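Chemist: First the structure, which I've put down as structure tokens, then a few questions once you've had a look.
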Amino acid sequence: MNSAVFQPITPMAPTILQLNDVHVRFPVSNDWLGRPRGYAHALNGIDLQVRAGETLGIVGESGCGKSTLAQLLMGLVPPSSGGLNWANRSGEGSSNVQIVFQDPQSSLDPRLPIWRIITEPLYARGHVSHAQMRDVAARVAAQVGIRPEYLDRFPHQFSGGQRQRIAIARALSSDPDIIVLDEPTSALDISVQAQILNLLAELQSARNLTYILISHNVSVVRHMANRVAVMYLGQIVELGSAAQVLDEPRHPYTRLLLEAVPRLGVPLHDEQVAAPTELPGNRRLPSGCFFRERCNLCTVGCEKPQALLGDEQRCVRCHLQD
Ligand SMILES: Nc1ncnc2c1ncn2[C@@H]1O[C@H](COP(=O)(O)OP(=O)(O)O)[C@@H](O)[C@H]1O
Ligand code: SF4
Ligand SMILES: [Mg+2]
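The UniProt record's numbering puts the first residue of the sequence shown at 1, with every later residue one more than the last.
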């Protein structure tokens, strides 16, 4: 993973998902009538297009809304305002988003043989016979490098890297529109990480998969992503090609985030990335630019709410970058 493999962006690929000014808030406590006393404002106006076959990297420190975005795409949390438009093969509004979690140890049910784990998304959708499920399990297991004769084994009989392959097979089995990769290699041995990333890249080019890659590891994002979105307090503050965002960051927050990261290579843990000053709470959102309290360039004009300036290929939420 030393060489940067910036894949070309594919602006002509069809849009499969469009988010328009999506907000998500969670009630945080109730008064004696059961009414919410306040909200955690997790997503605060997400505008985003996802194109077929791309890898969109999402970076930002803990609490910026990455997991909420993943849950939103999976249909596990509803938008409190704004909308998601799916324009996918399955047609109007319906979608199939699967996820590969960080830790295959906890994400695979230890009581199930792996053929059942792999076909869980099919089972959940119904209308599949036992024989069809076995067939699909054998096919996708082979694609991720798990031998079909192992299908009746249980998760504990596999290594960490193999378990992550099984989790990837599960994500593939129902032919999803989007696969969310949530820190897919950060729980794995260094020696296995590159194999898993290579597998993900191979599967993507063979099947034109669309990935949303959530990662703290800049070298993983650099290696895998076509475009990168930087999130801060539930907003996208910068978006562009991986090369643009990681090598020529324009938003003051992106610069801060990347400064906190050693140059190239070294995998990072959550705590290390938490930038020098604290993320302000999201119970009461700041007025004006959300980054104002932490920004050393703060000046006249920053007291106004900031729009994402630019286009889908490159945009920055800061009036100084105009
Ligand atoms: N179910 C929930 N109930 C209340 N607050 C939540 C819930 N899920 C997330 N949040 C809040 O939303 C914000 C974003 O969280 P999250 O999406 O998990 O961020 P990240 O994945 O980037 O660390 C945080 O302030 C978090 O506390
Ligand atoms: S709008 Fe102002 S406060 Fe916000 S990032 Fe730009 S310079 Fe900093
Ligand atoms: Mg998270």
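We put the beta carbon where it would ideally sit given N, CA and C, even for glycine.
In this text, all values refer to a predicted model and were calculated from it rather than measured experimentally.
1) At a threshold of 8 Å, does Gly161 count as lining ligand 2 (C-beta to nearest heavy atom)?
2) Since Val220 contacts Leu197 with CB under 8 Å, what's their CB separation in whole angstroms?
3) As a quick exercise: from His130, Thr55, Arg170 and Asp177, pick the residue whose alpha carbon is nearest that of Leu108.
4) Please list, following the chain, all residues that have a C-beta closer than 6 Å to any non-hydrogen atom of ligand 3.
5) Between the region 64-78 and the region 158-165, are three or more C-beta pairs nearer than 8 Å?
6) Could you check if Arg314 belongs to the surroundings of ligand 2, using beta carbon to heavy atom distance under 8 Å?
7) Assess contact between the region 29-40 and the region 142-154, defined as three or more Cβ pairs (one per stretch) separated by less than 8 Å. Is contact present?
8) For Gln18, does the three-state DSSP call read helix, strand or coil?
9) Is the number of C-beta pairs between the region 22-32 and the region 189-209 that are closer than 8 Å three or more?
10) What did DSSP end up calling Ile146 once you bin it into helix, strand or coil?
11) Where do the N-terminal and C-terminal ends of the alpha helix (DSSP H) with Gln49 fall, by residue?
12) Using 8 Å as the cut-off, classify the Cβ of Leu320 as near or not near the heavy atoms of ligand 2, replying yes or no.
13) Mapping DSSP to helix, strand and coil, what is Gly82?
14) Within 10 angstroms of its Cβ, does Ser174 collect 16 or more other Cβ (buried), or is it exposed?
15) Tell me whether Val220 sits in a helix, a strand or coil according to DSSP, three-state version.
16) Any chance you could list the beta strand (DSSP E) runs of at least 3 consecutive residues sitting entirely within the region 180-230, in chain order?
17) For Val266, collect the residues of the same chain with a Cβ closer than 7 Å to its Cβ; drop the 5 residues on either side in sequence, then sort them by chain order.
18) Residues in its own chain within less than 6 Å of Tyr211 by CB, not counting five upstream and five downstream?
19) Please list, in chain order, all residues of the same chain as Asn208 whose beta carbon is under 7 Å from its beta carbon, the five residues on each side excluded.
20) According to DSSP, which residues form a beta bridge with residue 335?
21) Drop a sphere of 10 angstroms on the beta-carbon of Arg125, count the other beta-carbons inside from all chains shown, and report buried for 16 or more, exposed for fewer.
22) Terminal residues of the continuous beta strand (DSSP E) containing Ser241?
23) Please say whether Leu43 and Gly57 have beta carbons closer to each other than 9 Å?
24) With respect to the beta strand (DSSP E) encompassing Gly57, which residues constitute its N-terminal and C-terminal limits?
25) Alpha helix (DSSP H) containing Gln98: first to last residue?
26) If you follow the beta strand (DSSP E) that Arg314 is part of, which residue opens it and which one closes it?
Modeler: Walking through what the data contain:
1) No, the beta carbon of Gly161 sits no closer than 8 Å to any heavy atom of ligand 2.
2) Going by Cβ atoms, the distance from Val220 to Leu197 rounds to 7 Å, so yes, they are a contact pair.
3) Among His130, Thr55, Arg170 and Asp177, the Cα nearest to that of Leu108 belongs to Arg170.
4) In chain order, the qualifying residues are Lys66 and Ser67.
5) These segments do not touch.
6) No.
7) Output reads no: the region 142-154 does not touch the region 29-40.
8) Look at Gln18 here: in three-state DSSP terms it is strand.
9) No, because fewer than three Cβ pairs between the region 22-32 and the region 189-209 fall closer than 8 Å, the two stretches do not touch.
10) Ile146 sits in coil when the DSSP states are folded into three classes, being neither helix nor strand.
11) From DSSP, Gln49 is part of no alpha helix (DSSP H) but of the beta strand (DSSP E) over Pro36 to Arg51.
12) For ligand 2, at least one heavy atom lies less than 8 Å from the Cβ of Leu320.
13) Residue state, collapsed to three classes: strand.
14) Counting Cβ neighbours within 10 Å, Ser174 comes out buried, since at least 16 surround it.
15) Three-state DSSP puts Val220 in a helix.
16) Runs found: 211-214.
17) With a pLDDT of only 45 at Val266, under the threshold of 50, the placement of this residue in the model should not be trusted, and no figure is reported.
18) Result list for Tyr211: Thr55, Ile179 and Leu181, in chain order.
19) Ala52 and Gly53.
20) The structure shown has nothing for residue 335, since the chain only spans 1 to 322.
21) Per the 10 Å Cβ criterion, exposed.
22) Note, Ser241: beta strand (DSSP E), Gln235 to Ser241.
23) Not a contact, by the Cβ cut-off of 9 Å.
24) DSSP places Gly57 inside the beta strand (DSSP E), whose first and last residues are Thr55 to Val59.
25) DSSP places Gln98 outside any alpha helix (DSSP H); the residue lies instead in the beta strand (DSSP E), whose first and last residues are Val97 to Val100.
26) From DSSP, the beta strand (DSSP E) with Arg314 extends over Arg314 to Val316.
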